[in-house]
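The listed protein sequences derive, respectively, from chains H, C, Z and V.
Just so we're aligned, residue 0 is where the first sequence starts under numbering that gives the first Met the number 0, counting upward by one.
Just so we're aligned, residue 0 is where the second sequence starts under numbering that gives the first Met the number 0, counting upward by one.
Just so we're aligned, residue 0 is where the third sequence starts under numbering that gives the first Met the number 0, counting upward by one.
Just so we're aligned, residue 0 is where the fourth sequence starts under numbering that gives the first Met the number 0, counting upward by one.
Number of protein chains: 4
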Amino acid sequence: MSSEIGKALKISVFGQSHGRAIGVVVDGLPAGLRLDEEALYGFMCRRKPGTSRLSTQRKEDDRPVFLSGLVDGVTAGSPLCAVIENGDTRSGDYAGLTDLPRPSHADYTAKMRYGEAVDMRGSGHFSGRLTAPLCIAGGVAKQILESKGIYVGAHLLSVERERDEPFPLHPTKELFDAVARKPIPVLSDAAGERMAQAVEAARAEADSVGGVIECAAVGLPAGLGSPIFDGIENRLAAALFGVPAVKGVEFGAGFEAATMRGSRHNDPYIVENGKIRTAKNDAGGIIGGITTGMPLVLKCAMKPTPSIGRPQQSVRLSTMEPEELTVKGRHDPCVAIRAVPVIEAVTAFTLLDILLEEQGYGND
Amino acid sequence: MSSEIGKALKISVFGQSHGRAIGVVVDGLPAGLRLDEEALYGFMCRRKPGTSRLSTQRKEDDRPVFLSGLVDGVTAGSPLCAVIENGDTRSGDYAGLTDLPRPSHADYTAKMRYGEAVDMRGSGHFSGRLTAPLCIAGGVAKQILESKGIYVGAHLLSVERERDEPFPLHPTKELFDAVARKPIPVLSDAAGERMAQAVEAARAEADSVGGVIECAAVGLPAGLGSPIFDGIENRLAAALFGVPAVKGVEFGAGFEAATMRGSRHNDPYIVENGKIRTAKNDAGGIIGGITTGMPLVLKCAMKPTPSIGRPQQSVRLSTMEPEELTVKGRHDPCVAIRAVPVIEAVTAFTLLDILLEEQGYGND
Amino acid sequence: MSSEIGKALKISVFGQSHGRAIGVVVDGLPAGLRLDEEALYGFMCRRKPGTSRLSTQRKEDDRPVFLSGLVDGVTAGSPLCAVIENGDTRSGDYAGLTDLPRPSHADYTAKMRYGEAVDMRGSGHFSGRLTAPLCIAGGVAKQILESKGIYVGAHLLSVERERDEPFPLHPTKELFDAVARKPIPVLSDAAGERMAQAVEAARAEADSVGGVIECAAVGLPAGLGSPIFDGIENRLAAALFGVPAVKGVEFGAGFEAATMRGSRHNDPYIVENGKIRTAKNDAGGIIGGITTGMPLVLKCAMKPTPSIGRPQQSVRLSTMEPEELTVKGRHDPCVAIRAVPVIEAVTAFTLLDILLEEQGYGND
Amino acid sequence: MSSEIGKALKISVFGQSHGRAIGVVVDGLPAGLRLDEEALYGFMCRRKPGTSRLSTQRKEDDRPVFLSGLVDGVTAGSPLCAVIENGDTRSGDYAGLTDLPRPSHADYTAKMRYGEAVDMRGSGHFSGRLTAPLCIAGGVAKQILESKGIYVGAHLLSVERERDEPFPLHPTKELFDAVARKPIPVLSDAAGERMAQAVEAARAEADSVGGVIECAAVGLPAGLGSPIFDGIENRLAAALFGVPAVKGVEFGAGFEAATMRGSRHNDPYIVENGKIRTAKNDAGGIIGGITTGMPLVLKCAMKPTPSIGRPQQSVRLSTMEPEELTVKGRHDPCVAIRAVPVIEAVTAFTLLDILLEEQGYGND
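See the structure below:
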């Protein structure tokens, strides 16, 4: 009742950080699509830790093994299951955390939900490591979307108070690719450098920082989605809040729209190359839950990593006595950086789900 | 595939603005609960238009008729269906809007989704009028939650650039009730006055304004919810984006969290009256998708009403020629005001759904 | 959590037998389809009681009123809600049944499920009267399927020990229509006469009889459905057991298949008019959960009406003392007769749901 | 959209017969339950092939490996994933079957559904081998049910025309255990011997036979389930038709009920040991979709194995020419024998799903 989502395309994520393996079942993929496993692995490497000073030093190989659903790299129609074995784990670092919960971490709530038997070694099923299976599902979805001319890309819009430029009105695949190749995925390298400094400064103080990720999808047809509860925004938000640390999701102008007058917010219709477009895109490509045909644009607020190396106030649950806590272990000072491909992944598989509903399985 | 949501409690909304009736089916309510129909109607009146200069002058009575699910005011276990007849409608005002779509309104996307047969008289199924059935479902849910000691309240946090105070750390039922009685639901009457002026100024210029609604729920137990895709945030966001004009949803510090360091954002655990609490609540009462036992706090960004009386640029779809459009008809200059009880309603029935899952039907 | 089904097409049934109204919401119908309301009403009349000595004498008009989803008889894309007001009800007949439950009727189980507040007047939400909304949904679905060349028909295969002929290998729309026009829907009028006598004999003894309904759908494409849990059989069975009194569902040879050898049961492939067919159809048109393109054939076992006028043994729940019970009120001696169009209806809307998933909403 | 089922407990099956591995994700298990892995393996051995002359000679070890959800044999609350590597596969036996489809096998329908890319080696995802993951999920569910005093058992009620005795009115755990230990799971050993002879006779003629499985669950509380579409019968049938070869499902008297009068079919209420019981159980423990508290009894019709060694008529799809086909490979002459624990398994996890909904996750 927790780790499954989707209608035409069902995603079921499993695994704990320090268990035997993590993985994902993707049920509903069309048959006959060739998967580029190297491209998928390249995509997954974008979230891999250990690639720079700015992320956790935990070593992960994260190359998925496909147990089902593929024959010679081609989808067979049956559910795809991919797993990643858990290798380098140091459970000792986490001993006792369920009795002395880390502030703003799931230690306490997980215990209240599941009781003593919950596995919180390495944060268990709540770990950021579970975003690797999301990237498998999303990486596969991205390839299928690309075969239909739909491209999904994302960048780090801000870290703490440092801001990148927003995406242009019509971002391109080339822009997405260029951003994806950078160690810090931004449009403006100068902004990226300032962000790196902000992260470094936090890390030097055993602290962490939050950030905002902007994600866009181009090439979507108009008329996709539904009103009320089955709109594009509902479906994407329902999935995106599944990414650990996401605390806000907005589309188009989002919270900024709340400060606007209608005369400024409304997007005038125009004709461009014989097609209906809008002169700007404060709607983020969605009106009434349905795509306009303009780029879909969303932003996710990522909270700062709760695991910080500074002393924090907690309570020992067995005694109900206050106690200071200093978290040990290896942690990203800024999860937002590695979360960029994760947001792309979740956006991609949700859009593919929506698209498969619209197209039906009889057309593939 | 569009207007239905929920797991243990299923909400199915139906109706078009200018059709015969609008309504809702609520399936999964526990049996044996006495419904206070007057209190429900009082709740619904909070979203009723025509009560002040600040909202549309359309007259609606909006008193729901219960077709099923209640016997002498007590829930019978079977699905509750309530309808509201559509009375005062002026379809003439909307003729031709599907060929000359209103900017940032669902006219164009609805036509792309459903074709020529879509009913966009009064915005059809996309109308803000469909929030009345949401209020029926939510008003019923609020009463059931209250019987369990759980209270949901909301206020207008901002209109354009005018801001109310945020909720205190521990809002109370009394505070919720006091806010609900005001014509503009705010904590600070001075802020309410400034907001009223902002709305009035926009209306005088045939324009509209957006706003932010803050909603809180107190009395929820800790340990409610699940990680990954079935968390409290996922469920609430999936429902809240069903309210027309919502363009962003955030929990706790939300987007502000993205500007923070972990040392500031993390909520220290404390003991209060023998219970685990946090000293502040930037988590908004949810960590890892699961309740902490602190008040649940969320904010919704409401875009400005797209229907404004000023000339706007559109395209005549039948000729693909640009054409200026001036929207006629009766429209709220600020939908955020009347949306306050709607956000409460959607929050309430989603929380009741989550709670019924946690408690099971065998316990009621 | 009880009265809703479907994926691309969601059916939500509401109402109690002696409440204000019963009805259905059908969400996901394609837009732009003209509904023949007279044909729909004609279909509904096939289940209407009071038309012969063989059914209950309760008078029902059962003409549905459409509250939403239709504009001038054409589907608008938004959810269709149709209701039937409850008129001629005599609640007095049922007083006290929840303390002295009728054998094999839902009185006892409903009370155990919902407690004292359950509405069992006229059997409440458990009443056969709730099959009228099923017929609305199914009657609409039948019309849409017919526009795609898919026809659904059913007949009474047996009553007690009297048997009709089975459908031929390739039943036609004309056959379905001819059967539907008969007061007892059978292929062989002689069999129908024997069945009428069996029903009459039971009625004369204040007793009731069961029966079997055979239902077929012709014109379905091959390749519809999915293996394991989302097959045609799974979906149809899940819906058909929603019809009160159904105690068994089988496809093709069904239970007879269990007595066969493979060499007899297997359906040889042949080519007919350039198409793949099978020489016989013990598979009932479904292999591996997926349609073969042959007629889909299923049978439903209907138990005898539990409400009989003869004294029966029960227990007074308040005292736990045995007590004899004689059911009063108006009851069909053979619900299977009026259930024939209901089985068609449920089959039709389930097949339409499956077809809409296969075709997607983008193609309509 | 195919291989996933469940509400409070979600089962997602994956794998192809000749792929790398098969497996299952079970999401929603309560935390803190100790799993007896040896007992689970013992249960799975009951469906293991190669144990007698009467089943396929394919060797399978089928010992599941748990990738997630368990810590030291105790459920952790997070999704449980278990896999079985595919070892002894001989794909050569199946080459070319998609162009010359085996009668009554999924070869043709799978190709029509998924196209050329479908993996039908060893019948792929349609293989009876996929019942092993069902047994993992069901074996786990059985242990949890047993901890609540609920026992599920099944036996072979008939093979071809040979019949075992039905279960007694109140079957016991001891009876279930005794039946489970027999090579052919029957009540009457004499019946088992006749069945063995029938299977042997079919095998000697390169043929196969069908059979009926009776399954019962004892210890269920009254009041479990819901009317209309979410009844016990709907849920069980939706799952049971997921077992390959099931062509009919009935509850209690089932199709026999259709031949009865109400006076014979109705189950009189009695008091036994201070509890409400029925004097007989033609309802199969379910009335109005809700449990009565009597044993739940269902029967599944299993068609004869379609893969037989005798020449059969088919069509070569590439040329549309008739062609005789003789299936090679190792096949059970009677899948019903090995399906007995599979039916138990599917019944068990469906009942656990229903029970978890009724109890809620907050109570465990």
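We treat Cβ as the ideally placed atom computed from N, Cα and C, and that holds for glycine.
- In this structure, the straight-line span from the alpha carbon of Ala-131 of chain V to that of Ala-179 of chain Z is close to 45 Å.
- Pro-303 of chain Z is positioned such that its CB atom lies no closer than 8 Å to that of Gln-312 of chain Z.
- A distance below 8 Å separates the beta carbons of Ala-105 of chain V and Gly-287 of chain Z.
- DSSP places Pro-102 of chain V outside both helix and strand once states are collapsed to three, so it counts as coil.
- Annotation: Thr-318 of chain Z to Pro-310 of chain Z spans about 20 Å, alpha carbon to alpha carbon.
- Only those residues of the segment 230-262 of chain Z whose C-beta falls short of 7 Å from the nearest C-beta of chain H would be listed, and there are none.
- Per DSSP, reduced to three states, the secondary structure at Val-178 of chain V is helical.
- Within the segment 133-144 of chain V, contact with chain H at the beta-carbon level (separation under 8 Å) is assigned to no residue.
- Taking the CA atoms as reference points, Ser-306 of chain Z sits about 11 Å from Leu-324 of chain Z.
- Under the criterion of beta carbons closer than 8 Å, Leu-239 of chain C and Cys-333 of chain C do not qualify as touching, at roughly 18 Å.
- Neighbours of Gly-359 of chain C in chain V, taken as residues whose beta carbon is under 7 Å from its own, are Glu-356, Glu-357, Gln-358, Gly-359, Asn-362 in chain order.
- The residue among H:Val-211, H:Pro-226, H:Val-270 with its C-alpha nearest the C-alpha of Glu-249 of chain H is H:Val-211.
- For Phe-42 of chain V, the enclosing alpha helix (DSSP H) starts and ends at 36-44.
- A Cβ-Cβ separation of about 6 Å places Ala-335 of chain C in contact with Leu-155 of chain C under the 8 Å criterion.
- Checking the DSSP bridge columns, you'll see Ser-11 of chain V partnered with V:Glu-3, V:Val-24.
- According to the DSSP assignment, Cys-333 of chain H belongs to no beta strand (DSSP E), since it is labelled neither H nor E.
- Within the same chain, Cβ atoms closer than 7 Å to the Cβ of Ala-278 of chain H are found at Asp-266, Pro-267, Ile-269, the five residues on either side in sequence being excluded.
- Straight across, the Cα-Cα distance linking Asn-280 of chain V with Leu-297 of chain V is about 11 Å.
- Between Leu-34 of chain Z and Leu-8 of chain Z, the CB-CB gap reaches or exceeds 8 Å.
- Taken in chain order, the complete beta strand (DSSP E) segments of 3 residues or longer contained in the segment 227-258 of chain H are 245-250.
- Separation of Ala-338 of chain C and Leu-168 of chain C (C-alpha to C-alpha, rounded to the nearest whole angstrom) is 23 Å.
- For His-124 of chain C, the chain Z residues whose Cβ falls inside 7 Å of its Cβ are Ser-77, in order along the chain.
- If the five residues before and after Glu-357 of chain Z are omitted, its C-beta is found closer than 7 Å to the C-beta atoms of Leu-223, all from its own chain and listed in chain order.
- Buried is the label assigned to Lys-246 of chain V, since at least 16 other Cβ atoms lie within 10 Å of its Cβ.
- The C-alpha of Gly-123 of chain V is placed about 30 Å away from the C-alpha of Met-194 of chain V.
- When Cβ-Cβ separations below 8 Å define contact, Arg-19 of chain V makes no contact with chain Z.
- Here Glu-36 of chain V is not near Gly-5 of chain V, since their CB atoms are 8 Å or more apart.
- Here DSSP, grouped into helix, strand and coil, assigns Leu-223 of chain Z to coil.
- Pro-321 of chain Z sits in a strand when the DSSP states are folded into three classes.
- Assignment of Gly-152 of chain V by DSSP, reduced to helix, strand and coil, places it in the strand class.
- According to DSSP, Tyr-268 of chain H shares a beta bridge with H:Thr-277.
- Distance between Leu-39 of chain H and Ile-135 of chain H, taken at the CA atoms: about 7 Å.
- Listed as beta-bridge partners of Lys-298 of chain Z by DSSP are Z:Glu-213, Z:Glu-249.
- Taking the Cα of Lys-141 of chain Z as reference, the smallest distance to any Cα among Z:Pro-340, Z:Val-185, Z:Ser-16, Z:Arg-128 is reached at Z:Pro-340.
- Val-24 of chain Z is positioned such that its CB atom lies no closer than 8 Å to that of Ala-75 of chain C.
- With fewer than 16 other Cβ atoms inside 10 Å of its own Cβ, Pro-182 of chain Z counts as exposed.
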